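> Quick one: the structure is below, questions incoming.
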Amino acid sequence: DAGVIQSPRHEVTEMGQEVTLRCKPISGHNSLFWYRQTMMRGLELLIYFNNNVPIDDSGMPEDRFSAKMPNASFSTLKIQPSEPRDSAVYFCASSWTSGGGNEQFFGPGTRLTVL
Amino acid sequence: AQSVTQPDIHITVSEGASLELRCNYSYGATPYLFWYVQSPGQGLQLLLKYFSGDTLVQGIKGFEAEFKRSQSSFNLRKPSVHWSDAAEYFCAVGAMGYSTLTFGKGTMLLVSP
Numbered sequence: 016d017a018g019v020i021q022s023p024r025h026e027v028t029e030m031g032q033e034v035t036l037r038c039k040p041i042s043g044h045n046s047l048f049w050y051r052q053t054m055m056r057g058l059e060l061l062i063y064f065n066n067n068v069p070i071d072d073s074g075m076p077e078d079r080f081s082a083k084m085p086n087a088s089f090s091t092l093k094i095q096p097s098e099p100r101d102s103a104v105y106f107c108a109s110s111w112t113s114g115g116g117n118e119q120f121f122g123p124g125t126r127l128t129v130l
Numbered sequence: 019a020q021s022v023t024q025p026d027i028h029i030t031v032s033e034g035a036s037l038e039l040r041c042n043y044s045y046g047a048t049p050y051l052f053w054y055v056q057s058p059g060q061g062l063q064l065l066l067k068y069f070s071g072d073t074l075v076q077g078i079k080g081f082e083a084e085f086k087r088s089q090s091s092f093n094l095r096k097p098s099v100h101w102s103d104a105a106e107y108f109c110a111v112g113a114m115g116y117s118t119l120t121f122g123k124g125t126m127l128l129v130s131p
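Laid out in structure tokens, this is it:
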């Protein structure tokens, strides 16, 4: 398996622009997670999906952030409009969750810079 | 609610020396415990995990960790550190019935020659 795939790997944009980050989870996994990593705040869970349904989006910082999972093999995280404080590395992870607590497999991340 | 504490932000170890990274968790029931490693510019990679059974867990790259319920700890160890082990290490806790993991803030390992 190719692992979790994220695109783009790097994104540089200007304040106010829309940004869309993409994720393809590992085939057969039923849970998908979006994280944000910064020096100041560490690794933060933004939202997670189970069987394509958003379960907990309490980590989404503002209404400017939205996430979708239209099918089991694709998810997007959108920021509109983007702001400099959104600059971070965004990770997507997936897992097979049956009874819960299973390990998550991380993608390589998207480094977002908002100027 | 679950929580994870990694008390050391940075640790410097000489190459060839032994390593122990500390992790303490807070959770009322039996936790699921994980150690991940993140090399610069990379995603997190699972080193090892504990769900149940033997409290000493072996992982990849020569790492091991020991679950101590009485101390609420899951410390990561390696007998001899290599320069390629320089990275950031994250401890995480999960639980039965929950899909999410709670991560510690990480420990940055520096390896000196």
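These protein sequences, in sequence, are chains R and E.
The first sequence begins at 16 in this note's numbering and counts up by one.
The second sequence begins at 19 in this note's numbering and counts up by one.
Ideal placement from N, C-alpha and C gives every residue a C-beta, glycine not left out.
This structure is a prediction, so every number in the text was calculated from the model and none was measured.
Rounded to whole angstroms, what's the CA-CA distance from residue 91 of chain R to residue 63 of chain E? Just pull it up for me.
Here residue 91 of chain R corresponds to residue number 76 of the first sequence, with the count starting at 1. Here residue 63 of chain E corresponds to residue number 45 of the second sequence, with the count starting at 1. If you take the alpha carbons of residue 91 of chain R and residue 63 of chain E, they lie about 22 Å apart.
> Over the uninterrupted beta strand (DSSP E) stretch that includes residue 100 of chain E, give me the two end residues.
Taking the first residue of the second sequence as 1, we reach residue 100 of chain E at position 82. Neither: residue 100 of chain E is in no beta strand (DSSP E) and is coded neither H nor E.
> Does chain E have any CB closer than 8 Å to the CB of residue 112 of chain R?
Translated into positions along the first sequence, residue 112 of chain R becomes position 97. Yes, residue 112 of chain R lies at the interface with chain E (some Cβ there is under 8 Å from its Cβ).
> Using a Cβ-Cβ cutoff of 9 Å, what residues of the stretch 64-89 of chain E are near chain R? List them in chain order.
Against chain R - using a Cβ distance shorter than 9 Å - the residues of the stretch 64-89 of chain E are 64, 67, 69.
> Taking C-beta pairs closer than 8 Å, name the residues in chain E that residue 65 of chain R reaches, listed in chain order.
Position 50 of the first sequence, counted from the start, is the residue given in the question as residue 65 of chain R. By Cβ distance, chain E contributes 117.
> Fully enclosed by the stretch 72-97 of chain E, which beta strand (DSSP E) runs are 3 residues long or longer?
Taking only runs of at least 3 residues, the beta strand (DSSP E) segments lying wholly in the stretch 72-97 of chain E are 74-76, 82-86, 91-96.
> Mark residue 111 of chain E as exposed unless 16 or more other C-beta atoms lie within 10 angstroms of its C-beta, in which case mark it buried.
Walking along the second sequence from the start, residue 111 of chain E turns up at place 93. It is buried - the Cβ of residue 111 of chain E has at least 16 other Cβ atoms within 10 Å.
> Going by Cα to Cα distance, which pick from R:71, R:129, R:124 is closest to residue 59 of chain E?
Looking up residue 59 of chain E in the second sequence gives position 41. That would be R:124, whose Cα lies nearest to the Cα of residue 59 of chain E.
> Are the CB atoms of residue 42 of chain E and residue 91 of chain E within a distance shorter than 8 Å?
As a position in the second sequence, residue 91 of chain E is number 73, starting the count at 1. As a position in the second sequence, residue 42 of chain E is number 24, starting the count at 1. The answer is yes: Cβ separation under 8 Å.
> Check this for me: beta carbons of residue 50 of chain R and residue 36 of chain R, under 8 Å apart or not?
As a first step, residue 50 of chain R must be located in the first sequence, where it is residue number 35. As a first step, residue 36 of chain R must be located in the first sequence, where it is residue number 21. Not closer than 8 Å, so no.
> Measure the alpha-carbon distance for residue 129 of chain R versus residue 78 of chain R and round it to whole angstroms.
The residue labelled residue 129 of chain R in the question sits at position 114 within the first sequence. The residue labelled residue 78 of chain R in the question sits at position 63 within the first sequence. Each residue's alpha carbon lies about 17 Å from the other.
> Should residue 28 of chain E be labelled buried (16 or more other beta-carbon atoms within 10 Å of its own) or exposed?
Position 10 of the second sequence holds residue 28 of chain E. Exposed is the call here.
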